Amino acid sequence: MLRKVVLYFSLLSLFLNPITTGQDLKSNTTVYSLSNEMQVILVEKHANPMIACMIYVNAGSKYETDFNNGVTHFLEHLLFDGTKTKTRIDINEGIKSKGGYINAFTSKELTCYMVLMPKEFIESGLDVQSDMLFNSIFPDTELAKERKIVIEEIKMNEDNVDYQVEKFFAAQAYKKTPYARPVLGYENIISTISKEEIIDYYHTYYEPNNMVCLVIGDFQTEAMMDLLEKYYGGIPAKPLPKLAEIHFTSPAGQEVKYKEVQAENTYINLGFNGPKFDDPDYYPFDVLAQILNSGETSPLTKVLTEGSDPLATDVSAYLETQKEFTTLNIDVITNSSDKADRILKSAVNVLMSLGEKPPKKEELDRVLVSSKTHRYYQEEKLLFYGMMIASTMVTCGWDFLETYIDELEKVTPKKVQAVASEYFSDPKYIATVVKPKKGNPSGEKNPTSSIYKKQVLPNGLTVIVKSNPDSKVLGINILGKNRSAMEPDGKTGIADFTNRMLLKGTKSRSAEQIAKDLANIGAEITLVDIPWIPYDDVYTTHSFTFIKFQTIDEFTDKGLELLSDLVINSNFPEEEIGKTQKEMMSLLGRGKGSTSQTCRNLFYSTLFKDHPYGKPIMGDARSIGAITRDDLIEFHKRFYSPNNVIITVCTNMPADQMMDKIKNAFGKLPRVDFPEPQISAPSPLSSPLKATKEMEKEQIYIYLGQPMPGINSLDAPALALMNSILSSRLGLNLREVKGLAYSVGSSISFEKDFGWFIASIGTRPQNYQEALDGILGEMKKIKEEEVTPDELEKAKNGIWGSMLFYRLSRINQAYYMGVDEFRGAGYDYDDKYIESLRKVTIDQVKEVAEKYLDTDNYVLAVVGKT
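In terms of the numbering used here, the sequence shown is numbered consecutively and its last residue is 868.
Spelled out as structure tokens, the structure:
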């Protein structure tokens with residue numbers, strides 16, 4: 003049931019609140035239909051007092067024509083703009099004012115409207131949701147605005163190479179079917195489609211007998227049935243148009259289509275025919291797909307990423323399951339278009355080999371465990387669960403979802419071998435190769451350009467090498483993933499403790515000998531920074547640790563031997579543990595007296611309540627005092643297990659040669675398998691959250707902020723520029739003009755799946771209200787008024803200059819390569835990011851400010867004489 007989920011949203015990015023439950027999906031579920039034939043699925047889950055209602059409309063791009071392509075997604079935007087009794091503000095603020103959340107998305111098969119409410123206000127949520135669905139009025143002013151927004155969304159996606167790759171593959175693999183159409187449509191259609199055509203589409207498909215309702219959360223079934231009848235049952239059913247029969251033509255041979263775009267890498271996508279979801283062979287075929295997508299254990303990944311010059315840098319496989327067909331799709335990224343033919347041949351050979359012998363029983367067990375656990379994880383997040391099952395439920399039905407795990411359990415190794423033999427003994431496929439335009443061939447650099455190599459070693463260690471002859475410095479960064487999330491309960495700060503102990507002794511070196519060996523090769527190693535020193539806390543984060551090591555290339559072998567010894571063989575001498583504890587206690591004491599640091603910790607603990615990021619990074623006196631040698635040894639073993647580490651290297655040595663040296667030094671790093679921590683986004687804010695702490699200080703400190711999207715959001719570049727402009731304005735108006743503070747500004751942080759914004763100021767207690775009002779006033783201003791061209795240009799240059807400054811040294815280049823890889827942006831993110839920044843317009847800055855900055859709902863931390 004693996005799918006590549008591509009959804010298009012019209013409102014704020016989704017910040018999900020994890021809701022724990024141990025109930026099985028089948029229990030407490032009621033399936034029935036209202037009198038108007040709307041199908042209803044009710045799933046009681048009482049672990050948390052929230053309820054999510056998802057309405058799935060059988061209206062997606064597959065229901066469109068070549069002349070109105072994109073109308074479904076456009077209509078989704080418009081349904082938030084007003085009904086006969088509610089304005090756009092009434093809809094959005096009405097939900098937010100009651101602690102709720104409302105959103106929607108569009109895919110090829112459906113449009114989903116979702117609302118999440120505290121159970122006390124679910125009726126209000128249903129009222130708004132049903133009114134939007136059946137009583138929208140499409141005001142002309144809102145129509146013009148949304149038309150512009152959707153066109154900009156199309157333009158943004160067209161600038162994204164992944165979107166271009168996906169769009170080209172769909173056009174070839176699903177040719178002459180509605181699935182070939184892009185969900186967003188085309189600018190010329192969106193700019194010209196009339197209001198009458200949109201309304202006609204609305205009245206054609208937005209009928210209750212064309213919808214499925216899923217309600218999941220803390221409710222009683224009978225009471226919920228009454229509410230759904232009240233808000234949905236009174237809408238009469240109407241005849242629905244018959245969908246034209248869709249004829250999918252399976253690949254008859256091995257066909258490859260090529261396209262050139264502005265890109266650095268080459269993207270290869272293959273589609274193979276598979277059994278439809280109602281065929282008994284679907285489940286062993288699904289297991290086969292999951293084995294192919296199993297990362298480092300995947301036979302496909304092993305073949306395509308092995309060796310010093312691997313064919314591919316990224317490999318994935320998934321099933322595209324529709325009513326009319328199923329395809330196994332394989333996506334591959336390579337650094338050279340010259341490797342495309344070999345990749346296609348290798349992929350085919352791997353698939354053919356799958357029919358030669360059955361997979362091992364443990365491989366099937368891993369698939370089953372993974373399917374079960376991912377399902378449990380999804381069920382905990384009510385809205386996320388509804389999103390992830392949307393296409394499968396609409397396509398295959400609720401019964402399919404309920405019996406899916408049971409059917410997987412029936413799959414045997416021989417059945418998997420049998421379907422592999424049937425479908426891949428003579429593989430036929432349609433493939434697309436999207437490669438860089440001529441004149442900018444991938445992998446062909448000028449003599450002073452950098453060459454990158456990425457490889458995942460057999461022990462799970464990710465290694466990335468950047469080779470450039472312009473410096474003799476060797477810079478290596480070792481990133482430990484998920485710092486705070488990996489720390490055991492009651493042991494907050496143990497990651498920091500562990501890093502500080504790495505120089506205290508190994509199995510063969512004393513602390514003194516380590517110092518001598520470092521000096522002998524002129525090496526520098528940085529394991530922590532000091533957050534209390536201004537400008538020295540830019541590397542400290544909840545999400546990872548770092549080991550920054552630098553020497554010169556002539557000492558590469560000695561340096562790698564020493565560094566690997568520190569990472570692999572640290573023995574945590576008992577006598578050094580006490581010294582390190584005292585050192586940390588002293589630092590904690592200094593931080594405890596700082597209003598700014600105390601306020602920062604208070605802000606994070608409030609925004610990230612019951613979340614790893616809400617814990618103090620260095621821990622506190624109690625947690626540090628409780629850490630023992632056994633604790634350190636056990637944590638070190640897990641945290642620096644190779645599957646939890648990314649090593650990035652900057653060198654003048656040839657990349658292949660350096661990769662071999664890293665393999666020799668770290669290839670035997672012992673692996674410990676454990677579930678990767680699931681780090682959720684902070685909960686969306688529906689009201690202000692204020693936290694205060696009294697301190698007898700001359701200054702009062704304010705931290706004000708809120709959640710933001712992640713680094714891969716299309717809005718991230720515009721948000722970064724918006725923040726830069728806002729921070730400059732805060733400095734100018736609150737410091738220079740009003741003289742309220744020495745230190746004032748704002749920042750935005752991006753993780754893989756979420757981010758957050760902070761505005762902060764330190765001022766005298768009597769200036770508290772003026773300072774707070776000043777921050778909120780500047781936030782409102784940037785939402786309501788366009789920034790100037792000069793401000794935008796300065797912001798672009800400022801971020802560019804800052805990036806250059808912090809990446810001057812090779813060790814920092816290695817550091818940021820690892821950080822960007824860990825955050826999911828890719829080790830070469832910097833170049834792409836600068837290009838994205840340059841393309842941001844004034845309108846986009848205002849749009850993201852309006853979209854994300856909330857001057858009504860935010861976290862406010864205040865420390866000092868309150």
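We put the CB at the ideal spot given by N, CA and C, even for glycine.
Being a predicted model, the structure only gives us computed values, none of them experimental.
Residue i classed as buried or exposed, judged by whether at least 16 other C-beta atoms fall within 10 angstroms
i	result
I345	buried
I237	buried
T336	buried
H638	buried
Q846	buried
Y103	buried
F221	buried
L385	buried
R731	buried
G627	exposed
E526	exposed
F69	exposed
D428	exposed
F752	buried
F676	exposed
V185	buried
E466	Sequence inspection shows Ile at residue 466; the Glu mentioned does not correspond to that position. So I466 counts as buried.
Residue(s) in a DSSP beta bridge with residue i
i	result
D333	N271, S318
W758	P709, S751
L716	According to DSSP, L716 bridges with nothing at all.
E696	G866
F551	I478, I527
V467	K455, V651
T323	T328
E257	I432
Cα-Cα separation between residue i and residue j, rounded to whole angstroms
i	j	result
G24	E46	In this prediction, G24 has a pLDDT of 33, which is less than 50 and means its spatial position is unreliable; what the coordinates show is noted afterwards. When rounded, the distance between both Cα atoms is 12 Å.
V163	V350	25 Å
K304	A667	21 Å
A487	A420	42 Å
V73	A291	33 Å
K439	T268	10 Å
I391	F557	54 Å
G866	N484	32 Å
I93	P312	52 Å
D559	T464	20 Å
V33	V117	20 Å
Y260	I270	9 Å
T854	P679	One point to set straight first is that residue 854 is Tyr, not Thr, in the sequence displayed. Cα-Cα distance, rounded: 27 Å.
Y606	D408	42 Å
M56	D555	58 Å
P241	T179	24 Å
D498	V435	45 Å
S682	Q708	15 Å
Selection from the options that minimises the alpha carbon distance to residue i
i	options	result
L505	L520, Q41, I191	L520
N38	R90, L81, K232	K232
T650	E577, Q771, G477, L736	G477
A761	M724, P791, Y705	Y705
F402	Y285, K455, A342	Y285
S545	S685, D92, P618	P618
S749	F499, S726, V258, K611	S726
K110	I53, A172, P490	A172
S572	N501, F676, T143	N501
I784	A246, K437, A146, L723	L723
T547	P575, S682, I480, L562	I480
N470	S393, K550, E189, N654	N654
G741	L728, G757, V864, Q768	Q768
S300	A319, D288, S310, D283	A319
A743	I192, S598, D662, A225	S598
Q624	K493, Q515, K98	In the sequence as presented, Gln is not what sits at residue 624; that position holds Arg. That would be K493, whose Cα lies nearest to the Cα of R624.
K430	E198, Q256, I516, Y207	Q256
CB contact below 8 Å: residue i versus chain B
i	result
E411	Included in the structure is just one protein chain, with no chain B present.
Give the list of continuous beta strand (DSSP E) stretches no shorter than 3 residues that lie fully inside the region 86-154. Runs found: 103-108, 113-120.
Within the region 571-603, note down every full alpha helix (DSSP H) run reaching 4 residues or more, in order along the chain. 576-594, all fully within the region 571-603.
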